[in-house]
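Student: Add 4 to the 1-based position in the sequence shown for our numbering, that's all there is to it. Please see the structure below; I have some questions.
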Amino acid sequence: MPEFFDKFLKLFTDFASAVYTLLLILTIGLVIMGIYLITRPTESERFEQRLREERLLREEREREERERKEREKREKEGKEGKV
Numbered sequence: 005m006p007e008f009f010d011k012f013l014k015l016f017t018d019f020a021s022a023v024y025t026l027l028l029i030l031t032i033g034l035v036i037m038g039i040y041l042i043t044r045p046t047e048s049e050r051f052e053q054r055l056r057e058e059r060l061l062r063e064e065r066e067r068e069e070r071e072r073k074e075r076e077k078r079e080k081e082g083k084e085g086k087v
């Protein structure tokens, strides 16, 4: 009879440890998912970020265009001065 209890106890402890390990893995997964859901950017934040990026690109293009025009103007004035 004690052998039966020993086998049952061993089986139970193995099963319990497997269940606890599985629960631990699931809990860690849920915590990570919760952190992701809480910290991810909202639609309005993504929209604002996209608008910011577009504004920066537009400003950079305008600056490059101004620099190009100034450079062409200087080159044109330089050629007229030589003639």
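Beta carbons are placed, not taken as given, at the ideal position from N, Cα and C, and that holds for glycine. In this text the structure is predicted, and so the values were computed from the model without any measurement.
Can you give the Cα-Cα distance for residue 62 and residue 31, rounded to whole angstroms?
Tutor: Roughly 46 Å separates the two Cα atoms.
Student: Tell me whether residue 23 counts as near the ligand HEM, meaning its Cβ is closer than 7 Å to at least one heavy atom of that ligand.
Tutor: As presented, the structure is devoid of all ligands, the ligand HEM included, so that no description of it is given.
Student: Hey, how far is the Cα of residue 70 from the Cα of residue 37?
Tutor: So the two alpha carbons sit approximately 48 Å from each other.
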